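**Student:**
Numbering (the working numbering), first residue to last: 1 to 407.
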């Protein structure tokens with residue numbers, strides 16, 4: 001475990017992954033993150049959204065994005081439920097949300113509401129289009145953000161087939177939750193320094209566009225509009241060659257005439273009569289495909305590297321789980337599951353000599369799993385907690401099961 005962020009408390013109202021992935025990073029490093037969900041509307045990234053069988057921890061992405069957090073389930077549409085959250089906000093350094101614009105204000109949790117509760121509150125709003133502007137009321141998932149942000153103008157195999165990053169990768173969400181932890185910590189430092197509140201308005205659409213700055217700049221200076229180039233890139237010849245076996249591939253890249261000559265020597269291409277760059281590239285591609293078809297990805301990539309050519313085998317998820325490098329680094333982390341099995345979750349992309357996280361301290365919470373404990377910390381008595389539970393203002397896994405049994 002890590003205590004680098006011990007003492008930092010976050011009231012986390014986010015769902016899915018753009019916000020939840022950001023607070024997960026902070027939780028990994030020791031922050032106390034309380035995940036707040038509705039009594040009747042839990043995070044839609046739980047079981048059913050991922051095609052599970054109905055269990056609230058069926059979804060692998062949910063289990064990863066919400067590890068090391070505590071779960072509180074409360075009905076925010078009731079005055080008593082909003083009071084629970086107001087008490088939590090009063091003790092929290094940060095409030096994170098990714099509601100549709102206007103929803104936080106209707107719940108009494110907008111920025112002006114929060115600073116009445118805590119004068120140096122930090123509110124982090126992660127949304128599709130930001131809190132201002134003509135598109136602020138739009139909601140979206142990855143495909144529309146890939147399109148609006150501009151990344152689909154570059155992704156794909158050619159200009160006739162723009163391709164989005166897919167629901168599994170969901171590039172806009174991952175870029176937002178990678179950037180957000182650092183911005184959150186900067187805002188907390190600023191608020192602690194001068195005692196003033198901060199509101200972070202993070203637009204996923206703008207994050208995507210910001211990563212295309214060099215392409216936009218080049219176009220503004222007269223360069224032609226960039227088009228999708230598949231696996232190629234300017235100044236290099238790159239492709240995937242199918243290796244022996246089912247869905248097995250080798251990634252190959254050459255960036256100079258000298259490297260082309262090295263590849264030709266390995267795969268047996270006669271370049272003597274091919275002076276044209278396009279002709280050389282096409283011949284090398286054909287011969288590399290033929291050559292790779294008779295070799296395993298690992299053997300083929302190893303032989304190409306021995307010949308001075310940049311090449312690696314395309315790894316599957318199973319191969320990554322057993323990758324010697326990742327194993328040696330301790331990157332995969334064991335996490336207990338509710339059924340008493342153990343799974344391997346991704347670790348951390350950074351490493352510290354000391355003080356960094358050494359293990360994942362707890363799995364993602366069931367819906368409302370820590371409701372009683374959080375309420376007790378907020379000053380609610382046992383009788384008050386029981387009354388709130390009986391009235392359905394808050395819930396725990398046990399209370400949910402009993403309610404479902406009655407109905």
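All C-beta atoms in this analysis are idealised placements derived from N, C-alpha and C, irrespective of residue type, glycine included. Note that the coordinates shown come from a computational prediction; the quantities given were computed from them, not determined experimentally.
#1: Between residue 119 and residue 355, how many whole angstroms is the CB-CB distance? I'm expecting something under 8 Å.
#2: Relative to the alpha-carbon of residue 239, which residue among 311, 102, 246 has its alpha-carbon at the smallest distance?
#3: Just to confirm the assignment: which complete beta strand (DSSP E) runs, minimum length 3, are found wholly within the stretch 31-113?
#4: Output the residue ranges of the alpha helix (DSSP H) runs that lie fully inside the stretch 262-298 and measure 4 residues or longer, sorted by chain position.
#5: Given that a residue counts as buried once 16 or more other Cβ atoms are within 10 Å of its Cβ, and exposed if not, what is residue 18?
#6: Decide if residue 46 is buried, meaning its Cβ has at least 16 other Cβ atoms within 10 Å, or exposed.
#7: Here's a check: name, in chain order, each residue in its chain whose Cβ is nearer than 6 Å to the Cβ of residue 6, leaving out the five neighbours to either side.
#8: Following the continuous alpha helix (DSSP H) through residue 150, name the residue where it begins and the one where it ends.
#9: Pick from 402, 265, 295, 216: whose alpha carbon is nearest that of residue 241?
#10: Using a threshold of 8 Å, state whether the C-beta atoms of residue 335 and residue 67 are closer than that.
#11: Can you confirm whether the stretch 394-401 touches the stretch 92-101 when touching is taken to mean that 3 or more C-beta pairs between the two stretches lie within less than 8 Å?
#12: Along the chain, where does the beta strand (DSSP E) containing residue 125 start, and where does it finish?
#13: Examine the Cβ distances between the stretch 288-302 and the stretch 264-277 and report whether three or more of them are shorter than 8 Å.
#14: Roughly how many angstroms separate the alpha carbons of residue 154 and residue 219, rounded to a whole number?
#15: Would you list the residues sitting across from residue 343 in a DSSP beta bridge?
#16: Compute the distance between the beta-carbons of residue 11 and residue 65, then report whether it is under 8 Å.
#17: When the Cα atoms are used, what is the spatial distance from residue 261 to residue 271?
#18: Please report how far the alpha carbon of residue 257 lies from the alpha carbon of residue 160, in whole angstroms.
#19: Rounded to the nearest angstrom, what separates residue 28 and residue 365 at their Cα positions?
#20: Taking only the alpha-carbon atoms, compute the straight-line gap between residue 79 and residue 125 and give it to the nearest angstrom.
#21: Report yes or no: do the stretch 103-114 and the stretch 160-177 share at least 3 C-beta pairs separated by less than 8 Å?
#22: Give me, in chain order, the residues of the same chain whose beta-carbon lies closer than 6 Å to that of residue 22; leave out the 5 immediate sequence neighbours on both sides.
#23: Identify, in the order they occur along the chain, each residue of the same chain with its Cβ nearer than 7 Å to the Cβ of residue 36, setting aside the five sequence neighbours on each side.
#24: Compare the Cα-Cα distances from residue 157 to each of 108, 175, 229 and report the closest residue.
#25: Compare the beta carbon distance of residue 284 and residue 304 with 8 Å and say whether it is the shorter of the two.
#26: Quick one: what does DSSP say residue 324 is sitting in, helix, strand or coil?
#27: Could you tell me the alpha carbon to alpha carbon distance between residue 309 and residue 237, rounded to whole angstroms?
#28: Rounded to whole angstroms, what's the CA-CA distance from residue 199 to residue 205? Just pull it up for me.
#29: Measuring only between beta-carbons, confirm whether residue 312 sits less than 8 Å from chain B.
#30: Which whole-angstrom value describes the C-beta separation of residue 129 and residue 232, a residue pair presumed to lie in contact below a C-beta threshold of 8 Å?
#31: In angstroms, rounded to a whole number, what distance separates the CA positions of residue 383 and residue 93?
#32: In three-state DSSP terms, what is residue 241?
#33: Pull up the CB-CB distance for residue 122 and residue 88, whole angstroms please, since I reckon it's below 8 Å.
#34: Quick check on this structure: which residue in 332, 363, 376 has the alpha carbon closest to the alpha carbon of residue 57?
**Tutor:** On the basis of the coordinates in this document:
#1: The residue you call residue 119 lines up with position 119 of the chain shown. The residue you call residue 355 lines up with position 355 of the chain shown. Residue 119 to residue 355, Cβ: 31 Å. No contact.
#2: Residue mapping note: residue 239 aligns to position 239 of the chain shown, counting from 1. Among 311, 102, 246, the Cα nearest to that of residue 239 belongs to 311.
#3: 32-37, 69-74, 94-97
#4: 277-292
#5: In the chain shown, the residue the question calls residue 18 occupies position 18. Looking at its Cβ environment, which holds 16 or more other Cβ atoms inside 10 Å, residue 18 is buried.
#6: Stepping through the chain shown from its first residue, residue 46 is reached at position 46. By the neighbour-count rule (16 or more Cβ atoms within 10 Å), residue 46 is buried.
#7: Residue numbering aside, residue 6 sits at position 6 when the chain shown is read from its first letter. So the qualifying residues of the chain are 30.
#8: What you label residue 150 is simply residue 150 of the chain shown in a count that begins at 1. Neither: residue 150 is in no alpha helix (DSSP H) and is coded neither H nor E.
#9: In the chain shown, residue 241 corresponds to position 241, counting from 1. Of the candidates 402, 265, 295, 216, the one whose C-alpha sits nearest the C-alpha of residue 241 is 295.
#10: Counted from its first residue, the chain shown places residue 335 at position 335. Counted from its first residue, the chain shown places residue 67 at position 67. Taking 8 Å as the Cβ cut-off, residue 335 and residue 67 qualify as a contacting pair.
#11: no
#12: By one-based count along the chain shown, residue 125 stands at place 125. Its beta strand (DSSP E) spans residues 122-127.
#13: yes
#14: Sequence index remark: in the chain shown, residue 154 carries index 154 (1-based). Sequence index remark: in the chain shown, residue 219 carries index 219 (1-based). Going by C-alpha positions, residue 154 is about 13 Å away from residue 219.
#15: For the purposes of this step, residue 343 is identified with residue 343 of the chain shown, where counting begins at 1. Partner(s): 335.
#16: Residue mapping note: residue 11 aligns to position 11 of the chain shown, counting from 1. Residue mapping note: residue 65 aligns to position 65 of the chain shown, counting from 1. No, these two residues do not count as a Cβ contact at 8 Å.
#17: Position 261 of the chain shown, counting from 1, holds the residue named residue 261. Position 271 of the chain shown, counting from 1, holds the residue named residue 271. Cα to Cα, the separation comes out at about 8 Å.
#18: The residue labelled residue 257 in the question sits at position 257 within the chain shown. The residue labelled residue 160 in the question sits at position 160 within the chain shown. Going by the C-alpha atoms only, they are around 30 Å apart.
#19: Here residue 28 corresponds to residue number 28 of the chain shown, with the count starting at 1. Here residue 365 corresponds to residue number 365 of the chain shown, with the count starting at 1. Near 14 Å, if we compare the C-alpha coordinates of residue 365 and residue 28.
#20: Along the chain shown, one-based indexing puts residue 79 at 79. Along the chain shown, one-based indexing puts residue 125 at 125. Cα to Cα, residue 79 sits roughly 23 Å from residue 125.
#21: Short answer: they don't touch.
#22: Within the chain shown, residue 22 is the residue found at index 22, counting from 1. The answer, listed in chain order, is 177, 180, 181.
#23: Residue numbering aside, residue 36 sits at position 36 when the chain shown is read from its first letter. Taken in chain order, the residues that qualify are 11, 12, 13, 72, 74, 85.
#24: Numbered from its first residue, the chain shown carries residue 157 at position 157. When only C-alpha atoms are compared, the closest one is 229.
#25: In the chain shown, counting from the first residue as 1, residue 284 sits at position 284. In the chain shown, counting from the first residue as 1, residue 304 sits at position 304. Not in contact: residue 284 and residue 304 (Cβ atoms no closer than 8 Å).
#26: On the chain shown, residue 324 is found 324 positions in, with the first residue counted as 1. Helix.
#27: As a first step, residue 309 is located in the chain shown; it is residue number 309 there, counting from the start. As a first step, residue 237 is located in the chain shown; it is residue number 237 there, counting from the start. Spanning the two alpha carbons is a distance of roughly 12 Å.
#28: Translated into positions along the chain shown, residue 199 becomes position 199. Translated into positions along the chain shown, residue 205 becomes position 205. One alpha carbon belongs to residue 199, the other to residue 205, and they sit about 18 Å apart.
#29: No chain B appears in the structure shown, which is made up of a single protein chain.
#30: Numbered from 1 along the chain shown, position 129 holds the residue referred to as residue 129. Numbered from 1 along the chain shown, position 232 holds the residue referred to as residue 232. At roughly 32 Å, the Cβ-Cβ gap does not stay under 8 Å, so residue 129 and residue 232 are not in contact.
#31: Mapped onto the chain shown, residue 383 falls at position 383. Mapped onto the chain shown, residue 93 falls at position 93. Distance between the alpha carbons of residue 383 and residue 93: 28 Å.
#32: Here the question's residue 241 lines up with position 241 in the chain shown. Here residue 241 sits in strand by DSSP.
#33: If you number the chain shown from 1, residue 122 lands on position 122. If you number the chain shown from 1, residue 88 lands on position 88. With a Cβ gap of about 14 Å, residue 122 and residue 88 do not count as contacting.
#34: By one-based count along the chain shown, residue 57 stands at place 57. Ranking 332, 363, 376 by Cα distance to residue 57 puts 363 first.
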